[in-house]
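Each protein sequence line maps, in turn, to chains C and G.
Residues in the first sequence are numbered from 1 upward in steps of one, following UniProt numbering.
Residues in the second sequence are numbered from 1 upward in steps of one, following UniProt numbering.
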Amino acid sequence: MTPTQEQEIWMYQNMVTSRFFEEAIEKIYMEGKTPAFNMAKGPIPGEMHLSNGQEPCAVGVCAHLNKDDIVVSTHRPHHVAIAKGVDLKRMTAEIFGKKSGLSGGRGGHMHIFDPNVNFSCSGIIGESMGVAAGAALSRKMQGKPGVAVAYLGEGAANQGAFHEALNLAAVWKLPVVFVIEDNAWGISVAKKASTAVKHNSDRASAYSMPGVHIPDNDPVQVFEKAGEAIERARNGEGPTLIEIETSRLAGHFMGDAEAYRPAGEKEHLAEIDPIPAFKKRLSERYQWTEREDQALREQARETVNAAIKYARDSDYPAPEEALDKVFV
Amino acid sequence: MTQVKEKERKLTIARAMAESIAMEMREDETVFVMGEDIGELGGVFGNTRGLYTEFGAERIKDTPISETAFIGAAVGAASDGMKPVVELMFVDFFGVCFDAIYNMMAKNTYFSGGEVNVPMVLMTSTGGGYSDGGQHSQCLHATFAHLPGMKVVAPSNAYDAKGLMTAAIRDPNPVIFMFHKSLQGMGWLGTEKEAIVHVPEGTYEVPLGKATITREGTDVTIVGITSGVHHGLKAAKELEQQGVSAEVVDLRSLVPLDRETILESVKKTGRLIVVDEDYHSYGMTAEIIASVAEVGVPMKAPPQRVAYPDIPIPFTPVMEQWALPSAEKIVNAFSKIKETEQ
Ligand SMILES: Cc1ncc(C[n+]2csc(CCOP(=O)(O)OP(=O)(O)O)c2C)c(N)n1
Ligand SMILES: [Mg+2]
Numbered sequence: 001m002t003p004t005q006e007q008e009i010w011m012y013q014n015m016v017t018s019r020f021f022e023e024a025i026e027k028i029y030m031e032g033k034t035p036a037f038n039m040a041k042g043p044i045p046g047e048m049h050l051s052n053g054q055e056p057c058a059v060g061v062c063a064h065l066n067k068d069d070i071v072v073s074t075h076r077p078h079h080v081a082i083a084k085g086v087d088l089k090r091m092t093a094e095i096f097g098k099k100s101g102l103s104g105g106r107g108g109h110m111h112i113f114d115p116n117v118n119f120s121c122s123g124i125i126g127e128s129m130g131v132a133a134g135a136a137l138s139r140k141m142q143g144k145p146g147v148a149v150a151y152l153g154e155g156a157a158n159q160g161a162f163h164e165a166l167n168l169a170a171v172w173k174l175p176v177v178f179v180i181e182d183n184a185w186g187i188s189v190a191k192k193a194s195t196a197v198k199h200n201s202d203r204a205s206a207y208s209m210p211g212v213h214i215p216d217n218d219p220v221q222v223f224e225k226a227g228e229a230i231e232r233a234r235n236g237e238g239p240t241l242i243e244i245e246t247s248r249l250a251g252h253f254m255g256d257a258e259a260y261r262p263a264g265e266k267e268h269l270a271e272i273d274p275i276p277a278f279k280k281r282l283s284e285r286y287q288w289t290e291r292e293d294q295a296l297r298e299q300a301r302e303t304v305n306a307a308i309k310y311a312r313d314s315d316y317p318a319p320e321e322a323l324d325k326v327f328v
Numbered sequence: 001m002t003q004v005k006e007k008e009r010k011l012t013i014a015r016a017m018a019e020s021i022a023m024e025m026r027e028d029e030t031v032f033v034m035g036e037d038i039g040e041l042g043g044v045f046g047n048t049r050g051l052y053t054e055f056g057a058e059r060i061k062d063t064p065i066s067e068t069a070f071i072g073a074a075v076g077a078a079s080d081g082m083k084p085v086v087e088l089m090f091v092d093f094f095g096v097c098f099d100a101i102y103n104m105m106a107k108n109t110y111f112s113g114g115e116v117n118v119p120m121v122l123m124t125s126t127g128g129g130y131s132d133g134g135q136h137s138q139c140l141h142a143t144f145a146h147l148p149g150m151k152v153v154a155p156s157n158a159y160d161a162k163g164l165m166t167a168a169i170r171d172p173n174p175v176i177f178m179f180h181k182s183l184q185g186m187g188w189l190g191t192e193k194e195a196i197v198h199v200p201e202g203t204y205e206v207p208l209g210k211a212t213i214t215r216e217g218t219d220v221t222i223v224g225i226t227s228g229v230h231h232g233l234k235a236a237k238e239l240e241q242q243g244v245s246a247e248v249v250d251l252r253s254l255v256p257l258d259r260e261t262i263l264e265s266v267k268k269t270g271r272l273i274v275v276d277e278d279y280h281s282y283g284m285t286a287e288i289i290a291s292v293a294e295v296g297v298p299m300k301a302p303p304q305r306v307a308y309p310d311i312p313i314p315f316t317p318v319m320e321q322w323a324l325p326s327a328e329k330i331v332n333a334f335s336k337i338k339e340t341e342q
C-alpha cells in the first residue's frame, strides 16, 4: 500500500505544520518563564510535552483515517491532533486556557477533545488503549463503520492497561489499531532499562494479533504498514499492534535539562530529522521544487500563526465557569 | 531547646526527604527506594536527589512505568524483611495501582492477624496551582485517609518532612507520605518560602499522628495540612490586623488523626475553620468538623470549611486559582462566622 504523490504531500504538509506549531508553542511557553523557570507563569502554564520528531507516527496513520474514525492519543498529543484534523484554532486556544478553547479552558494541553473529528487524549500512561478498544466495540455493536486508533509511548507498554486492552481487543476481534511511538525514553528512563523485550511489537504474539515493527522514523513506511492494519480492522479481521521507532527531538517536557541523554544523541537525532529527509524524498521522486516547498511552508506558517493569533486574541473564561460542565 | 545553638541550615522539603532516606539507608540495609525517575534523575520532584550516587542502582531502583507491579512488589518485599520506600510520581496516578495499595498494602497486616507486617513508605506528590490540569493537580487526602490500614502523613515544612519520613521508614506499618508540589522547594513549581526551614543535621522523628500548633491564638482555630497550613498562617496575619487572634493547627498526619489537639484548640477559641485543598465533600474538612460536633464542644458559631469545589481541577489559571483555597477565603470565612454570631 504505497502512498500517492498527493498523499505524500499531505503527510509532508502536516508534518511541517505540526513542527511549526510546536516551535511556536515552545517559544510562547517560555514567555514569562525567564530568567526563573516557573511552570505556573506565562501565557501557557503547566506541563508541555512537545512532539518534535514524532510527526511520521501521526501522519502515516492518520492519512488512512477519516473524520468518523476515532483516535485516542497521549500526553504528547499535538502532532496526532493536527494530522487527525482537530480544529487548530480552538486547540491552541485550549492550550492557552481561553474560553474559545475546545473545552473552554478546562482541559489544557494533555486533555484535547474534538468530538467533531473523534479525537481525544489523556495524561495517564496507557489509558488510551481501553478507551480506543471501547470505541471500536461501540462501532461493532452499532454496526457502524469506522476504526479506532490508540496511541501510546513505548513506556506505556509496561503498564497493565496495555496487556489488558490487547487481550480484550483480540478476543473480541475489535476494529482497533494500537500505535506505539517508541522514542526510546520514558522521561529519564531508557527503554532498554525498563523493557524486557527488544521490540514491543513482539508482545503482540502473546495476544494472537499481528505485531508490526517499523525500524525507521519514516512516514512512508508508517503509511504502508498502518494502511494494512487499518484495512484489516475495517474488514473485521481484528486488531494490530504497530511499533514505530521514532525520535523525541526535545526534552520530555519543557524545562527538562536532559542530562540523562548520552553525549551526541541529540545531535544524531537532529541529523536524522524526518522532515528534511522527507523533503529530499519528495524532490527525488516528484521533482519537488524549492519554490513549491517555500509555498507549502508559508501556508503552514500562516495556519499556525492564525491559530496562535486566535488563541492570543481570545478572552479568558469567567472564573465561575469552572463549576459548569461537571455534568451535562 | 539545645544548649549550643546549631548553625541554621535551611532546607527544602525535597532535600529534607532525601536526607532522611539517606540517613535511614546508611543505618539499615533493608531500606531501598523504587519508583519512576527516582534514580539518576533524583526524582521529578527532587526528593531522591543524591541517593543514586551514594547507594547505586541496587538500592535506588528506577522502575518501568508499572505502578501495580512495583507497588505490589514493595508489599511483597516489605512482608519479607525489607523496608521499601516507593514513589508514586503524582497521587493522581493511584488509579492504575490502587489495588496494591488499599487491598494488599493496607490490609495484609489485619488479614494475617497481625502476623505479617508491611513496613513500607509510599511517597507521592499532591496539589496544584500551576496549571497542570485535572490529572496532575489533585490532593486526594481523603481517598487515602478513608481506607483503614495505612497511616497518612503530609508535611508543611522541611523540618516535619525529615522527621515524618524518618518515623515513617521506621514504623512497622505502611505509611503514605504526601508531599505538596508547591511546598517542595523546586523553583519550577514556584516555592512557598515558609516551607524552607531549619533542619537539624542529626536524626530525629516527628511522631506519626501528632498535630502541632503552628501559631497560637485565642479567637478562632484554623486547621489545615500542607498548603492549607500556609494559607492559614497568611490568613492569621491578616486577621491580626483586624484584631483577631487566630490559632493555626498543622495536622501533619491524617491517619492517625490527632483529634485531641484539635478539640483542645476549639475548646479554647469556640470557632473553627478547616482548610483543605482536597475536594469539599466527604473529605478531611467534614471529618474534622464531625469530630468536633460529636463531642459537643460549645461553639460561638457554626464551623466553616474552605476546600476545593466538587469539580475536576480545571487547567486554565483563571479557573484554577479561583477554585483553590486561599488566605482571602479563610478571612472571608471568618467574616461569615462573625455574621452568624450577630
Ligand atoms: C500511570 C502513569 N504513570 C506515570 C506517569 C508519569 N509520566 C508521564 S509521561 C511519562 C513517560 C512516558 O513515556 P512514554 O510512554 O514512552 O511516552 P513519551 O513521554 O516518551 O512520549 C511518565 C512516566 C503518568 N502520566 N501516568
Ligand atoms: Mg517514550
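Cβ coordinates follow ideal geometry from the N, Cα and C atoms, glycine included.
Any non-hydrogen atom of ligand 2 within 7 Å of residue i CB
i	result
C/Gly126	no
C/Asn38	no
C/Trp185	yes
C/Glu154	yes
Delimiting residues of the beta strand (DSSP E) encompassing residue i
i	result
C/Cys121	119–121
G/Tyr282	Counting along the chain, G/Tyr282 falls outside any beta strand (DSSP E), and DSSP gives it neither H nor E.
G/Tyr308	304–308
G/Ser335	Segment 327–341 is the alpha helix (DSSP H) holding G/Ser335; no beta strand (DSSP E) there.
G/Gly224	220–224
Where residue i falls: helix, strand or coil (DSSP)
i	result
G/Leu11	strand
G/Trp322	helix
G/Tyr102	helix
C/Lys325	coil
C/Asp313	helix
G/Phe32	strand
C/Ser128	helix
C/Trp172	coil
C/Arg297	helix
C/Asp114	strand
G/Phe70	helix
C/Arg139	helix
C/Glu245	strand
C/Thr303	helix
Cβ-Cβ distance between residue i and residue j below 8 Å
i	j	result
residue 344 of chain G	G/Val31	What is shown of chain G runs 1 to 342, which leaves residue 344 of chain G out entirely.
C/Lys84	C/Leu102	no
C/Lys98	C/Ala307	no
C/Phe253	C/Glu22	no
G/Ala158	G/Ile13	yes
G/Phe177	G/Met123	yes
G/Ile181	G/Thr126	Just to set this straight, residue 181 of chain G is Lys in the shown sequence, not Ile. In contact: G/Lys181 and G/Thr126 (Cβ atoms closer than 8 Å).
C/Met141	C/Ala170	no
G/Val86	G/Ile71	yes
G/Ile222	G/Ile273	yes
G/Ala211	G/Thr261	yes
G/Glu205	G/His230	no
C/Gly108	C/Gly153	no
G/Pro172	G/Asn117	yes
G/Asp276	G/Gly283	yes
beta-carbon residue i near ligand 1 non-hydrogen atom, thresh 7 Å
i	result
G/Phe93	yes
G/Ile65	yes
G/Met104	no
G/Glu36	yes
G/Glu341	no
C/Gln159	yes
C/Glu181	yes
C/His75	yes
G/Met89	yes
C/Arg248	yes
First through last residue of the alpha helix (DSSP H) which encompasses residue i
i	result
G/Asp62	It is not in any alpha helix (DSSP H) - G/Asp62 instead sits in the beta strand (DSSP E) that spans 60–62.
C/Thr289	Taken as a continuous stretch (DSSP letters only), C/Thr289 belongs to no alpha helix (DSSP H), as it is neither H nor E.
G/Arg170	158–170
Quiz item: Are the region 52–62 of chain C and the region 5–15 of chain C touching, with three or more C-beta to C-beta distances below 8 Å?
Solution: yes
Practice problem: Check whether the region 198–208 of chain G touches the region 241–249 of chain G, counting contact only when three or more Cβ pairs, one atom from each stretch, lie closer than 8 Å. | Solution: no
Practice problem: Report yes or no: do the region 212–222 of chain C and the region 236–244 of chain C share at least 3 C-beta pairs separated by less than 8 Å? | Solution: yes
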